[in-house]
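Residue numbers are given in UniProt numbering: position 4 of the sequence shown equals residue 4, and the series is strictly consecutive. Think of the CB as a built atom: it goes at the ideal place given N, C-alpha and C, for glycine as much as any other residue. Working notes for the structure below.
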Amino acid sequence: MRFSKIPQLDYGKKIKVTFIDGQVLIGIVNGFTARGDSENNLEELTIKTDQYPYVGFNESEVKKIEIID
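Pasting the structure below:
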């Protein structure tokens, strides 16, 4: 799932992320890394959650992202 193709996905947005393994996290977008700037040539996001300070993941791990607020 290409993060850059999701309308309104931006810093400070609250999102719900469903991973391909079924895990779900809700958090605030804190960082974005473009394909050309990442080590594995995949887009990456970092979110801040209530459960974990910061969680980073790349586009290959995500099934769905929903904008909450």
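Minimum C-alpha distance to leucine 42 - residue among Val55, Glu61, Tyr11 and Gln51:
For the purposes of this step, residue 42 is taken as the residue at position 42 of the sequence shown. With distances taken between Cα atoms, leucine 42 lies closest to Glu61.
Between the CA atoms of glycine 36 and phenylalanine 19 - distance to the nearest angstrom:
Locating residue 19 in the sequence shown gives position 19, where the first residue counts as 1. Locating residue 36 in the sequence shown gives position 36, where the first residue counts as 1. Using only the alpha carbons, I get a separation of about 23 angstroms.
C-alpha distance - lysine 13 paired with isoleucine 68, whole-angstrom precision:
Counting from one through the sequence shown, the residue named residue 13 turns up at place 13. Counting from one through the sequence shown, the residue named residue 68 turns up at place 68. Approximately 8 angstroms between the Cα atoms of the pair.
Between the Cα of glutamine 51 and the Cα atoms of Val24, Ala34 and Ile65, which residue gives the shortest distance?
Taking the sequence shown and counting its residues from 1, one reaches residue 51 at position 51. Here the closest residue by C-alpha is Val24.
Around the C-beta of glutamate 66, are 16 or more other C-beta atoms found within 10 angstroms, so that it is buried, or is it exposed?
Taking the sequence shown and counting its residues from 1, one reaches residue 66 at position 66. It is exposed - the Cβ of glutamate 66 has fewer than 16 other Cβ atoms within 10 Å.
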